[in-house]
Amino acid sequence: MEPVLINHVREPNSFTLDFYVRHDGYGALKKALTQTPDSIIDLVKASGLRGRGGAGFPTGMKWQFVDKKIDPRYIACNADESEPGTFKDHLLMERNPHLLIEGCAIGCYAIGAKVAYIYIRGEFFHVQRVLEGAIEEAYKAGYLGKNVLGSGFDCDVYVHRGAGAYEAGEETALLESLEGKRAQPRNKPPFPAVVGLYGKPTAVNNVETLCNIPVIVNRGVEWYTSVGPEKNGGPKLYCVSGHVRRPGVYEASMNVTLRELIEGFAGGVREGRTLKAVIPGGSSVPILMPDQLDTQASFDAIQKAGSLLGSAAIVVLDDTTCMVWLAENLLHFYRHESCGKCTPCREGTDWLYKILSKIERGEGQMRDLDLLSSISTNIGGKTLCAFGDAAVTPVLTTLKHFRQEYEAHIREGRCTLPAPWRAAHRVGAHA
Amino acid sequence: MSFHPKMAYDATFHKSARHLEEEGPAFAYTPENRARFDEIVGRYPPDRRRSAVLPALYLVQAQQGYVTANGIRHVAELLGITKADVEDVVSYYTMFYTRPVGTFVLSVCRTLSCALNGAERVTAAICDRLKIVPGQTDSSGTFTLIEVECLGACDRAPVIMVNDAWQESQDAESVGRLLDDLKARGEAALTGCHHVVERNGN
Chain A
1 MEPVLINHVR EPNSFTLDFY VRHDGYGALK KALTQTPDSI IDLVKASGLR
51 GRGGAGFPTG MKWQFVDKKI DPRYIACNAD ESEPGTFKDH LLMERNPHLL
101 IEGCAIGCYA IGAKVAYIYI RGEFFHVQRV LEGAIEEAYK AGYLGKNVLG
151 SGFDCDVYVH RGAGAYEAGE ETALLESLEG KRAQPRNKPP FPAVVGLYGK
201 PTAVNNVETL CNIPVIVNRG VEWYTSVGPE KNGGPKLYCV SGHVRRPGVY
251 EASMNVTLRE LIEGFAGGVR EGRTLKAVIP GGSSVPILMP DQLDTQASFD
301 AIQKAGSLLG SAAIVVLDDT TCMVWLAENL LHFYRHESCG KCTPCREGTD
351 WLYKILSKIE RGEGQMRDLD LLSSISTNIG GKTLCAFGDA AVTPVLTTLK
401 HFRQEYEAHI REGRCTLPAP WRAAHRVGAH A
Chain B
432 MSFHPKMAYD ATFHKSARHL EEEGPAFAYT PENRARFDEI VGRYPPDRRR
482 SAVLPALYLV QAQQGYVTAN GIRHVAELLG ITKADVEDVV SYYTMFYTRP
532 VGTFVLSVCR TLSCALNGAE RVTAAICDRL KIVPGQTDSS GTFTLIEVEC
582 LGACDRAPVI MVNDAWQESQ DAESVGRLLD DLKARGEAAL TGCHHVVERN
632 GN
């Protein structure tokens, strides 16, 4: 399919209002303002748009759940893109920020909100400046502010900068952070659509999700659903990184297979190496093996293959990758990012990391493998948010597919597959 | 903090740890920062001033380089919340420094995609050259090295962040040149994210 979200991102000045309007920008907002808010929600529902942040929940339904009896209502845009391997929202906001602003405005109109907060991760400071510049332009041109385009609809969009916390990407933790507290999750239910920001009904949507809204309004449901397989319609951004020749963000319909993404778009595994495994949806999802490469990269097909599409962050691993090292690297991440609210996750991720580190150093024992499994099953499903399940996934999935590597580490008392540099320098993965 | 006798947390940072910040010199916003603060507070409902705590702390950090107990007190008074509320936030988020840092803070991404592409070699090269380990500032007070988790720049791995700017596709050699360049030319040595490069048309 022809890209529609990132078709102009390589052109100079693609981030300016002038450029955006010349390419039919804000046409969807004009069109939406002539319709009733409910008909916009119906349109999004009919399009079947599924949230692009990771869970794949239908956006139209999320909007419909927003309690219209309570005022004020809010949109919180999740721009805390922190899932390891994910960098699509960064590209959208930096090179096509007006698409997001238009999506926010239409979303506010649909659910009856007057304010949208874009929660952007602190490390995206350069992106924030572009986004704020674009918002200023939109205010001046009357696409935001009081009485948008003379319709009587008021809409403010603000950027809120985070300060370094993966957990702020969890929707309720994001709201806590927006309220000026630690980014720690709330118990659900009630869901944010009922009790959200400041206790008011709130729609929390990912950047790419909101960027799809103007596309749906412009091109209609029929076109949108015709792109991609049933229930997996619309354009999708894929982030390919790791051991590939051309890492980057690629837009395709969800008809595309993992093989086409890795061998086609990204140019295949780097010179002289073979594929060992693929993480198809960010560090929190199970690994897929080379014989599963022909799986369609859609929410449903990847799930059927035993993993999740998640944030569509495809991390490609070649035959030099030690899977114990990989699990150790990711558990270092999860240990550091655990918000500390639930004991199983706070303590358990630390234990998992220490055990993995011990095995990688060559000091592990066979009984440690059972310990890894038992700690993992005592974290998964026992925490307030999905972080716990995410954190144990790298351990369980590497144990499942590469148990022989763990055993070799323990038997030989060393890492059996160190990268050349690491072998020469005798350091742990995190020295 | 660990409740397990045989598995105490080591000295490394953990979000659930709480610690007291140093008192530091007396602190109040400069008039410019105060104006900026007032503008930011206006983005949130009047009874929800607390929402501005992160931007307020960024202003403190921009003004004095790091966040002290006096800075925390100032923010707490302006927002009408307790010092403990602010302290709670400062100790949780990794981008607030609670000790003085060098002119340039080098944050090397160490998570998977960067690690697969040799991030640890970049860290090792910086350590060798500056004679420090991650978490330390070099003897001249110019550079502070920290290791951070995924920065979201996995297509240009390994990436390091120099203060607020990204420097992409680094390796052991290029980072050595970067350090020299930063010493010689300051922030002008930074190229930034590749999208910024494209934006500026070169």
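Residue numbers (this note's numbering), protein chains in the order written: chain A, 1 to 431; chain B, 432 to 633. Just so it is clear, CB atoms sit at the ideal spot from N, CA and C, and this is done for glycine as well.
Nonlocal neighbours in the same chain, by C-beta distance under 7 Å from residue i, ignoring five residues either side
i	result
Val-517 (chain B)	Val-484, Ile-503, Val-506, Ala-507
Ser-284 (chain A)	Glu-83, Gly-310, Ala-390, Thr-393
His-430 (chain A)	Confidence in His-430 (chain A) is poor, its pLDDT being 39 and thus under 50, which makes the residue's placement unreliable; the coordinate value appears in the next sentence. These residues qualify, in order along the chain: His-332.
Lys-454 (chain A)	Because residue 454 (chain A) is not part of the residues shown, which for chain A are 1 to 431, the question remains open.
Asp-478 (chain A)	In the structure displayed, chain A extends from 1 to 431; residue 478 (chain A) sits before or after that span and is not available.
Ala-556 (chain B)	Ala-603, Val-606, Gly-607
Pro-531 (chain B)	Gly-496, Tyr-497
Ala-46 (chain A)	Val-221
Arg-587 (chain B)	Glu-599, Ser-600, His-625
Tyr-406 (chain A)	Val-324, Ile-359, Leu-369, Leu-399
Lys-181 (chain A)	none
Interface partners of residue i on chain B, CB under 9 Å
i	result
Thr-86 (chain A)	Cys-581, Gly-583, Cys-585
Arg-182 (chain A)	Lys-446, Asp-519, Val-520, Ser-522, Tyr-523, Tyr-524
Buried/exposed call for residue i, threshold 16 Cβ in 10 Å
i	result
Arg-403 (chain A)	exposed
Gly-199 (chain A)	exposed
Ile-471 (chain B)	buried
Gly-54 (chain A)	buried
Trp-63 (chain A)	buried
Pro-286 (chain A)	buried
Val-213 (chain A)	The residue you asked about is not Val; residue 213 (chain A) is Ile in the sequence shown. Counting Cβ neighbours within 10 Å, Ile-213 (chain A) comes out buried, since at least 16 surround it.
Phe-434 (chain B)	Note that Phe-434 (chain B) scores a pLDDT of 45, beneath 50, so its modelled location is shaky and nothing firm can be said.
Asp-71 (chain A)	exposed
Gly-428 (chain A)	Only weak support is given to the placement of Gly-428 (chain A): the predicted model assigns it a pLDDT of 46, under 50, and the question is left unresolved by the model.
Ala-424 (chain A)	exposed
Asp-478 (chain B)	exposed
Ser-538 (chain B)	buried
Pro-247 (chain A)	buried
Val-432 (chain A)	Nothing in the structure corresponds to residue 432 (chain A), since chain A is present only between 1 and 431.
Asp-595 (chain B)	buried
Cutoff 8 Å: residue i Cβ touching any chain B Cβ
i	result
Phe-19 (chain A)	no
Ala-386 (chain A)	no
Asn-329 (chain A)	yes
His-126 (chain A)	yes
Tyr-158 (chain A)	yes
Gly-268 (chain A)	no
Val-249 (chain A)	yes
Tyr-166 (chain A)	yes
Thr-274 (chain A)	no
Glu-81 (chain A)	yes
Interface flag, residue i vs chain A, CB-CB below 8 Å
i	result
Asp-602 (chain B)	no
Ser-571 (chain B)	no
Tyr-460 (chain B)	no
Val-381 (chain B)	Outside the shown range of chain B, which is 432 to 633, sits residue 381 (chain B), and nothing can be said about it.
Gly-617 (chain B)	no
Thr-622 (chain B)	no
Asp-519 (chain B)	yes
Ala-483 (chain B)	yes
Asp-469 (chain B)	no
Ala-596 (chain B)	yes
Neighbour list for residue i in chain A, Cβ cutoff strictly below 8 Å
i	result
Gly-607 (chain B)	Here the premise fails: no neighbours, minimum Cβ distance about 16 Å.
Gly-411 (chain B)	Past the edges of chain B, shown from 432 to 633, lies residue 411 (chain B), and the structure says nothing about it.
Own chain, CB closer than 8 Å to residue i, minus 5 neighbours either side, in chain order
i	result
Leu-175 (chain A)	Ala-76, Arg-186, Pro-192, Gly-196, Leu-197, Thr-202, Val-204
Ile-355 (chain A)	Gly-364, Asp-368, Leu-371, Leu-372, Ile-375
Glu-123 (chain A)	Gly-164
Leu-237 (chain A)	Leu-5, Ile-6, Arg-52, Lys-88, Leu-91, Leu-92, Glu-208, Val-249, Tyr-250, Glu-251, Ala-312
Val-521 (chain B)	Glu-452, Leu-488, Val-498, Ile-503, Phe-527, Thr-529
Contact set between residue i and chain A, taken where Cβ atoms lie within less than 7 Å
i	result
Pro-476 (chain B)	Tyr-198
Leu-613 (chain B)	Residues of chain A passing the Cβ test: none, with the nearest at roughly 17 Å.
Close Cβ partners of residue i (< 6 Å) along its chain, the five nearest in sequence each way excluded
i	result
Gly-449 (chain A)	The question about residue 449 (chain A) has no answer, for chain A in this structure spans 1 to 431.
Gln-494 (chain B)	Asn-464
Tyr-158 (chain A)	Tyr-117
Pro-3 (chain A)	Glu-251
Ala-138 (chain A)	Ile-101, Leu-144
Tyr-20 (chain A)	His-98
Chain B contact residues for residue i, given Cβ-Cβ distances below 7 Å
i	result
Val-315 (chain A)	Leu-543, Ser-544
Distance cut-off 7 Å: residue i Cβ against heavy atoms of the ligand SAM
i	result
Thr-534 (chain B)	Within the structure as shown, the ligand SAM is missing, as the structure has no ligands at all.
Proximal residues of chain B, C-beta to C-beta of residue i below 8 Å
i	result
Gly-281 (chain A)	Result: empty, since nearest Cβ-Cβ is about 13 Å, beyond 8 Å.
His-23 (chain A)	What His-23 (chain A) touches in chain B: nothing, since even the nearest Cβ is about 17 Å away.
Which residues, in chain order, does the segment 218-243 of chain A contribute to contact with chain E at a C-beta distance below 9 Å? The chain labelled as chain E is not found among the protein chains of the depicted structure, namely A and B.
Is the number of C-beta pairs between the segment 260-267 of chain A and the segment 298-317 of chain A that are closer than 8 Å three or more? Taking a contact to require three or more Cβ pairs closer than 8 Å, the segment 260-267 of chain A and the segment 298-317 of chain A qualify as touching.
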